[in-house]
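Visitor:
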Amino acid sequence: MSPRAGRSGPAPATLAFVESPVQLLNVLEWAHTRAPGAPRAPGAGLTLVVLSPIDPMTRGQLRRMAELAREEGHQVRWEEARGGATAPFQTIGGLAGLLRRAPRVVLGDPFSRYVQLLLTITRARDLVVVDDGTATMEFVGQLARGERLVRWHRKGGRPGPRDLLFAPVSSRARHKLTPGEDRRVEVFSAMPIEDTPRGVTVTANDFSWTRSRFGPPRITKGADLVGTSLVETGVVDADRYLEAVRALAKAQGATRYFAHRRESADKLHRLATETGLEVVRPDLPLELIARRGPVGRTILSFPSTVVHTLPLALTGTGVRVAVCDIDPAWLTEKASPRARGFLSGVTGSARDVHRLAAVPAAAS
């Protein structure tokens with residue numbers, strides 16, 4: 345890994361915080377729009393801080409994305425931000441100096457408590473939020489309505505003790521993410537943004553860096569199915585999900601299943617056994633995997649970020665993206681009241697995709 349920047353070193357022009365491979369990808373896309381095609385020298389103003397999670401799959405993808413970032417000339421600072429009880433204090437303490445001096449901060453997850461804590465320290469007058477998947481749609485809407493920042497699959501539930509304890513930090517972070525006379529806020533997104541908060545600049549992410557860096561892919565005759573972590577987040581029942589995958593794969597002739605990085609090993613083993621699909625655990629975000637190929641002529645997905653991003657990444661390749669609705673009967677009792685409407689909105693707002701009805705066999 346790159347040497348960690350010292351507290352007394354010069355502040356980077358842009359300091360970016362990422363916790364997932366997709367966030368890092370979208371920081372690279374944002375940086376590319378600022379200087380498309382320009383050769384970059386090492387340390388040319390953008391320092392990426394990886395707040396590393398514990399999950400091995402996510403860590404592996406982040407390390408691969410960090411390599412790509414370095415190849416683009418960016419400095420990468422890897423933080424074991426969750427490596428023990430004292431890790432958060434060490435990480436935040438080590439970053440405080442850079443945060444106070446950096447004129448621009450880019451972040452990928454405004455719902456993250458880690459990021460919200462860091463936002464209370466920064467004095468940056470230029471804040472950029474890049475996509476963290478479908479959560480970006482909810483973040484922008486909540487900011488426009490002046491609501492507290494709550495992830496969509498948790499919205500509607502009563503705040504727990506930790507939520508109440510953290511409420512002042514979350515409130516201050518939301519204030520920092522609200523444009524003012526001395527603060528500019530930009531949202532860089534491939535998602536449909538309907539309720540734009542006053543003063544927020546929305547910039548479209550068309551995955552131009554991905555398309556210039558990878559592909560075009562070799563296209564196979566079959567279909568690929570994209571996995572989702574809706575079971576892991578408690579939104580969809582596991583048995584219903586597996587039956588839906590089996591029925592969808594049979595109906596559409598899918599042979600491969602691209603696992604989401606948060607899907608559990610037990611669920612994936614059961615899925616492979618019961619459906620006969622080849623389970624693939626990608627080492628990069630799916631947008632890069634699909635662009636690199638080989639990829640099926642049809643990509644099947646349930647409501648998720650990829651129904652918005654894959655058509656952009658695969659523009660001009662002839663690959664069709666199809667999305668299968670989530671039957672309300674698949675939802676668990678723990679699913680928040682917001683879940684059904686949000687998932688339907690993810691599907692309904694997707695552009696350049698073929699919409700499939702919920703698989704009948706899965707609801708029986």
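Following our numbering, the numbering of the sequence shown begins with 345 at its first residue and continues without gaps. Even for Gly, the Cβ is constructed at its ideal location relative to N, Cα and C. All values derive from a computational prediction rather than experimental measurement.
Please name the residue, chosen from R489, W553 and Y458, that lies closest to S514 on a Cα-to-Cα basis.
Guide: Your numbering for residue 514 matches position 170 in the sequence shown. When each option's Cα is compared against that of S514, the closest is Y458.
Visitor: Report the CB separation of G566 from A603 in whole angstroms; it is logged as a contact under 8 Å.
Guide: Reading the sequence shown from its first residue, position 222 is the one you call residue 566. Reading the sequence shown from its first residue, position 259 is the one you call residue 603. That belief does not hold up - the Cβ atoms of G566 and A603 are roughly 17 Å apart, past 8 Å.
Visitor: Would V667 and S688 be called neighbours here (beta carbons separated by less than 8 Å)?
Guide: Counting from 1 along the sequence shown, the entry for residue 667 is found at position 323. Counting from 1 along the sequence shown, the entry for residue 688 is found at position 344. Against a cut-off of 8 Å, the Cβ pair of S688 and V667 comes out as no contact.
Visitor: Under DSSP, the alpha helix (DSSP H) around D610 begins and ends at which residues?
Guide: For this step, residue 610 is matched to residue 266 along the sequence shown. That run of the alpha helix (DSSP H) goes A609 to T619.
Visitor: Alpha carbons only, please: which of E482, V473 and L700 is nearest the one belonging to F532?
Guide: Mapped onto the sequence shown, residue 532 falls at position 188. Selected option, being the one with the closest Cα: V473.
Visitor: Tell me which residues share the same chain as T464 and place their Cβ nearer than 8 Å to its Cβ, disregarding the 5 neighbours each side in the sequence.
Guide: Position 120 of the sequence shown, counted from the start, is the residue given in the question as residue 464. So the qualifying residues of the chain are V513, R516, A517 and K520.
Visitor: Hey, how far is the Cα of L368 from the Cα of L406?
Guide: One-based indexing of the sequence shown puts residue 368 at position 24. One-based indexing of the sequence shown puts residue 406 at position 62. Using only the alpha carbons, I get a separation of about 8 Å.
Visitor: Assuming R420 contacts L392 under a Cβ cut-off of 8 Å, what Cβ separation, rounded to an integer in Å, is found between them?
Guide: Counting from 1 along the sequence shown, the entry for residue 420 is found at position 76. Counting from 1 along the sequence shown, the entry for residue 392 is found at position 48. Note that residue 420 is Val in the sequence shown here, rather than Arg. So it is a contact: roughly 5 Å between Cβ atoms.
Visitor: Within a Cβ cutoff of 7 Å, which residues of the same chain sit near R699, ignoring the five residues on either side of it in sequence?
Guide: To locate residue 699, count along the sequence shown from 1; it is residue 355. Same-chain partners within the cutoff: V667 and T691.
Visitor: Is there at least one non-hydrogen atom of the ligand HEM closer than 7 Å to the beta-carbon of R542?
Guide: Of ligands this structure carries none, so the ligand HEM is not represented either.
Visitor: Apart from the five residues just before and just after R527, which ones in its own chain have a Cβ nearer than 6 Å to its Cβ?
Guide: For the purposes of this step, residue 527 is identified with residue 183 of the sequence shown, where counting begins at 1. The answer, listed in chain order, is R469.
Visitor: For R606 versus E576, is the C-beta distance shorter than 8 Å?
Guide: Residue 606 sits at position 262 when you count from the first residue of the sequence shown. Residue 576 sits at position 232 when you count from the first residue of the sequence shown. For R606 and E576, yes; Cβs fall inside 8 Å.
Visitor: If you pair each beta-carbon of the region 654 to 671 with each one of the region 629 to 640, do three or more pairs fall below 8 Å?
Guide: Taking 8 Å as the limit for Cβ pairs, the verdict is that the region 629 to 640 does touch the region 654 to 671.
Visitor: Does the distance from the C-beta atom of A446 to that of T435 stay below 8 Å?
Guide: For the purposes of this step, residue 446 is identified with residue 102 of the sequence shown, where counting begins at 1. For the purposes of this step, residue 435 is identified with residue 91 of the sequence shown, where counting begins at 1. Their beta carbons are not under 8 Å apart, which means A446 does not touch T435 by this criterion.
Visitor: Among the candidates T619, D476, A429 and H418, whose CA atom is the shortest distance from the CA of H376?
Guide: For the purposes of this step, residue 376 is taken as residue 32 along the sequence shown, with counting starting at 1. It is H418.
Visitor: Tell me whether P356 is buried or exposed, calling it buried when 16 or more other Cβ atoms sit within 10 Å of its Cβ.
Guide: For the purposes of this step, residue 356 is taken as residue 12 along the sequence shown, with counting starting at 1. Flag for P356 reads buried.
Visitor: For R408, which residues in the same chain have their Cβ closer than 8 Å to its Cβ, ignoring the five residues on either side in sequence?
Guide: For the purposes of this step, residue 408 is taken as residue 64 along the sequence shown, with counting starting at 1. Same-chain partners within the cutoff: P365, D627 and L628.
Visitor: Quick check on I398: buried or exposed, where buried means 16 or more other Cβ atoms within 10 Å of its Cβ?
Guide: Reading the sequence shown from its first residue, position 54 is the one you call residue 398. Exposed, since its Cβ has fewer than 16 Cβ neighbours within 10 Å.
Visitor: Could you round the C-beta distance between D710 and V484 to whole angstroms and report it? I think they count as a contact, below 8 Å.
Guide: Since the first and last residues shown for the chain are 345 and 708, residue 710 lies out of range.
Visitor: Can you have a look at F433 and say buried or exposed, based on whether 16 or more other CB atoms are within 10 angstroms of its CB?
Guide: Residue mapping note: residue 433 aligns to position 89 of the sequence shown, counting from 1. By the neighbour-count rule (16 or more Cβ atoms within 10 Å), F433 is not buried but exposed.
Visitor: Nearest to K719 by CA position, among F455, D583 and L621, is which residue?
Guide: Past the edges of the chain, shown from 345 to 708, lies residue 719, and the structure says nothing about it.
Visitor: Straight-line CA distance for V665 to I643?
Guide: Position 321 of the sequence shown, counted from the first residue, corresponds to residue 665. Position 299 of the sequence shown, counted from the first residue, corresponds to residue 643. C-alpha separation (whole angstroms): 5 Å.
Visitor: Could you work out which residue in L451, A440 and W374 is closest to L416 when comparing CA atoms only?
Guide: Counting from 1 along the sequence shown, the entry for residue 416 is found at position 72. Sequence inspection shows Glu at residue 416; the Leu mentioned does not correspond to that position. Ranking L451, A440 and W374 by Cα distance to E416 puts W374 first.
Visitor: Using beta-carbon positions only, say whether D475 and A534 come within less than 8 Å of one another.
Guide: Along the sequence shown, one-based indexing puts residue 475 at 131. Along the sequence shown, one-based indexing puts residue 534 at 190. Contact flag set, yes.
Visitor: Using only alpha-carbon positions, find the residue among R590, R641, R636 and G640 that is nearest to T617.
Guide: One-based indexing of the sequence shown puts residue 617 at position 273. Ranking the options by Cα distance to T617, first place goes to R590.
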